[in-house]
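Sequential numbering from 71 applies to the sequence shown in my numbering. Glycine is no exception: its CB is placed at the ideal position from the N, C-alpha and C atoms. In this text the structure is predicted, and so the values were computed from the model without any measurement.
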Amino acid sequence: MDHQMEFRVLGPLEIMADGRPVRVDAPKQRALLAVLLIHANEVVSTDRLLELVWGDEQPSGGLRTLRFHISKLRDALEPGRAQGEEGIIATRPPGYV
71 MDHQMEFRVL GPLEIMADGR PVRVDAPKQR ALLAVLLIHA NEVVSTDRLL ELVWGDEQPS
131 GGLRTLRFHI SKLRDALEPG RAQGEEGIIA TRPPGYV
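As C-alpha cells, then:
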C-alpha cells in the first residue's frame with residue numbers, strides 16, 4: 071500500500087501522511103528523523119547517528135537504544151508496516167537510510 075509522506079523541515083518539524091499529521095513526540099526520535107532527512111538517500115552509520123543525536127551523552131547501551139528509537143520511529147511513520155518489511159527508513163550497512 072503506497073502512502074504519500076511529506077516532511078516539513080522549515081520551521082518546526084512536521085510530518086504528514088496522506089494529508090494527515092503524524093505525531094512523533096519523543097525528542098530523540100524527532101532528532102533521528104531530522105538527521106536522516108538532512109542526509110536523505112544516504113546511508114548514515116549507526117556511529118554517526120549516535121554521535122549526532124546523543125553527542126557526548128551517549129547511552130551505555132548505545133546501539134540497543136538507537137535500534138529501539140528507530141523501531142518506534144518506524145512504527146509512528148508506518149503503523150501498518152509488516153515486521154521485516156522495508157519502509158521509509160531502511161537498514162543498510164553500516165546504518166540506516
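Applying the criterion that 16 or more other CB atoms from any shown protein chain within 10 Å of the CB defines a buried residue, is residue i buried or exposed?
i       : result
His-139 : buried
Leu-80  : exposed
Leu-47  : Any question about residue 47 goes unanswered here, given that the chain covers just 71 to 167.
Taking the alpha carbon of residue i as the point to measure from, which residue in the options has its own alpha carbon closest?
i       : options                               : result
Gly-131 : Gln-74, Ala-110 and Thr-116           : Thr-116
Thr-161 : Gly-150, Ser-141, Ala-146 and Pro-149 : Ser-141
Arg-137 : Gly-125, Gly-157 and Leu-120          : Leu-120
Arg-134 : Gly-165, Asp-126 and Glu-148          : Gly-165
Val-94  : Gly-150, Asp-145 and Val-123          : Asp-145
Gly-150 : Ala-87, Val-114 and Arg-118           : Ala-87
Considering only their Cβ atoms, is the gap separating residue j from residue i smaller than 8 Å?
i       : j       : result
Glu-84  : Arg-90  : no
Val-105 : Leu-147 : no
Met-75  : Ile-158 : yes
Notebook entry, point to check: Can at least three beta-carbon pairs, one atom from the stretch 89 to 100 and one from the stretch 150 to 157, be found at a separation below 8 Å?
Noted result: Counting C-beta pairs closer than 8 Å gives fewer than three between the stretch 89 to 100 and the stretch 150 to 157, which falls short of the contact rule.
Note to self: Suppose only complete runs of 4+ residues qualify. What are the alpha helix (DSSP H) ranges in the stretch 86 to 157, listed by chain order?
What the structure shows: Listed in chain order, the complete alpha helix (DSSP H) runs (minimum 4 residues) inside the stretch 86 to 157 are 97 to 108, 116 to 124 and 132 to 147.
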